[in-house]
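Engineer: Right, I'll just put the structure down here and ask away after.
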Amino acid sequence: MWRATPLTLFPAMFPGPLGLSLAGDGIARGLWSCDPYDIRLHGLGRHRTVDDTPAGGGAGMVMRADVLAAALDAAAPAGDPRPRLLMSPRGRPLDQARVRALASGPGVVVLCGRFEGVDERVIAARSLEEVSVGDFVLSGGEVACLALLDACVRLLPGVMGKELSGAEESFEGGLLEYPHYTRPRDFEGRDIPPVLLGGDHGRIAAWRRAEAERITRERRPDLLGRKG
Numbered sequence: 001m002w003r004a005t006p007l008t009l010f011p012a013m014f015p016g017p018l019g020l021s022l023a024g025d026g027i028a029r030g031l032w033s034c035d036p037y038d039i040r041l042h043g044l045g046r047h048r049t050v051d052d053t054p055a056g057g058g059a060g061m062v063m064r065a066d067v068l069a070a071a072l073d074a075a076a077p078a079g080d081p082r083p084r085l086l087m088s089p090r091g092r093p094l095d096q097a098r099v100r101a102l103a104s105g106p107g108v109v110v111l112c113g114r115f116e117g118v119d120e121r122v123i124a125a126r127s128l129e130e131v132s133v134g135d136f137v138l139s140g141g142e143v144a145c146l147a148l149l150d151a152c153v154r155l156l157p158g159v160m161g162k163e164l165s166g167a168e169e170s171f172e173g174g175l176l177e178y179p180h181y182t183r184p185r186d187f188e189g190r191d192i193p194p195v196l197l198g199g200d201h202g203r204i205a206a207w208r209r210a211e212a213e214r215i216t217r218e219r220r221p222d223l224l225g226r227k228g
């Protein structure tokens with residue numbers, strides 16, 4: 001079973017939307033698990049404090065290294081083979097190749113930061129891999145973690161209804177996905193491309209490839225020549 005352990009101040013956010021549809025069915029069938037761990041269990045004092053003012057001054061609060069280290073050690077003890085990730089806007093951009101690698105392993109341990117960030121020392125002390133889902137800032141790492149988990153879970157054997165469908169999506173093969181059409185044949189004067197209705201699977205495959213290349217050139221030329 002592929003195991004996900006998000007470390008968060010808001011465990012009720014998990015599995016969230018991943019408890020529904022195909023991902024939720026995967027949990028019910030024992031294909032993967034999502035067991036959030038409450039960081040505040042290791043908070044200090046009567047109020048379970050997890051943060052403090054930043055050294056050197058500045059706005060906001062910083063999550064304490066000692067609290068986070070204790071939570072990480074409890075949620076994923078020594079010997080746990082899963083990679084430890086930290087959702088962070090300064091991290092390495094998440095791409096489909098990294099998603100495939102994570103999905104092929106035993107699961108993930110994901111630290112969801114809050115406030116201004118986490119004490120830098122815990123990143124080094126616990127060998128956290130910083131991962132970003134985009135060049136923007138969120139209120140916390142939970143939403144980013146859900147995106148990462150969704151991307152991984154849908155690649156697990158048996159989760160998706162048809163294995164081939166995952167291989168034909170955006171970023172698989174280094175290209176964005178080709179356009180899709182379904183009934184009705186005519187929609188407000190816009191027809192389905194005739195090649196898709198002719199039954200020639202070779203021509204259909206060639207059209208889809210050409211469209212994927214065209215869309216990638218127009219929208220994400222940086223992907224061309226890169227492996228998915």
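All the letters of the sequence shown, read from the start, carry residue numbers 1 to 228 under full-length UniProt numbering. By construction, the Cβ of each residue, glycine as well, lies at the ideal position given by its N, Cα and C atoms.
1) Rounded to whole angstroms, what is the Cα-Cα separation between I204 and E177?
2) State the Cα-Cα distance for the pair A28 and L22, rounded to the nearest angstrom.
3) Using a Cβ-Cβ cut-off of 6 Å (strictly less than) and excluding sequence neighbours within five positions of L128, which residues of its own chain qualify?
4) I'd like to confirm the pairing. Which residues does DSSP put opposite F187 in its beta bridges?
5) Under three-state DSSP, which class holds L7?
6) Just to check, is the beta-carbon of L175 closer than 7 Å to a non-hydrogen atom of the ligand SAH?
7) Quick one: Cα of D35 to Cα of G199, how far?
8) Tell me, please, whether the segment 116-134 touches the segment 65-85 by the rule of three or more beta-carbon pairs shorter than 8 Å.
9) Going by the beta-carbon positions, is the gap between R183 and P106 smaller than 8 Å?
10) Terminal residues of the continuous alpha helix (DSSP H) containing R92?
11) Closer than 7 Å by C-beta to G140: which residues in its own chain qualify, once you throw out the five before and the five after it? Chain order, please.
12) Could you tell me if V153 is buried or exposed, where buried requires 16 or more neighbouring beta carbons within 10 angstroms of its beta carbon?
13) Mapping the DSSP letters down to three states, classify T182 as helix, strand or coil.
14) My guess is that M13 and E142 are in contact by the Cβ rule of under 8 Å, so how many angstroms apart are they, rounded?
15) Any idea if M1 is buried or exposed, counting beta-carbon neighbours within 10 angstroms, 16 or more meaning buried?
16) Assign R64 to one of two classes, buried (16 or more other C-beta atoms within 10 Å of its C-beta) or exposed (fewer than that).
Structural biologist: This is what the structure holds:
1) Sequence index remark: in the sequence shown, residue 204 carries index 204 (1-based). Sequence index remark: in the sequence shown, residue 177 carries index 177 (1-based). Near 14 Å, if we compare the C-alpha coordinates of E177 and I204.
2) As a first step, residue 28 must be located in the sequence shown, where it is residue number 28. As a first step, residue 22 must be located in the sequence shown, where it is residue number 22. Rounded to whole angstroms, A28 to L22 spans 10 Å at the Cα level.
3) Sequence index remark: in the sequence shown, residue 128 carries index 128 (1-based). Closer than 6 Å at Cβ, skipping near neighbours: R84 and L86.
4) Taking the first residue of the sequence shown as position 1, residue 187 is located at position 187. R190.
5) Within the sequence shown, numbered from 1, the residue matching residue 7 stands at position 7. It is a strand residue.
6) Although the ligand SAH was asked about, the structure shown includes no ligands whatsoever.
7) Here residue 35 is taken as the residue at index 35 of the sequence shown, counted from 1. Here residue 199 is taken as the residue at index 199 of the sequence shown, counted from 1. Going from the Cα of D35 to the Cα of G199 covers about 47 Å.
8) yes
9) Translated into positions along the sequence shown, residue 183 becomes position 183. Translated into positions along the sequence shown, residue 106 becomes position 106. Their beta carbons are not under 8 Å apart, which means R183 does not touch P106 by this criterion.
10) Walking along the sequence shown from the start, residue 92 turns up at place 92. That residue, R92, is in no alpha helix (DSSP H); its beta strand (DSSP E) goes R84 to P93.
11) Here residue 140 corresponds to residue number 140 of the sequence shown, with the count starting at 1. Once the five neighbours on either side are set aside, the close Cβ partners of G140 are C112, G113 and R114.
12) Here residue 153 refers to the residue found at position 153 when the sequence shown is read from its first residue. That one is buried.
13) Residue 182 sits at position 182 when you count from the first residue of the sequence shown. DSSP places T182 in coil when its eight states are reduced to three.
14) Against the sequence shown, residue 13 aligns to sequence position 13. Against the sequence shown, residue 142 aligns to sequence position 142. The pair is a contact, with the Cβ atoms about 5 Å apart (cut-off 8 Å).
15) On the sequence shown, position 1 is the one that residue 1 refers to. So M1 ends up on the exposed side.
16) As a first step, residue 64 is located in the sequence shown; it is residue number 64 there, counting from the start. It is buried - the Cβ of R64 has at least 16 other Cβ atoms within 10 Å.
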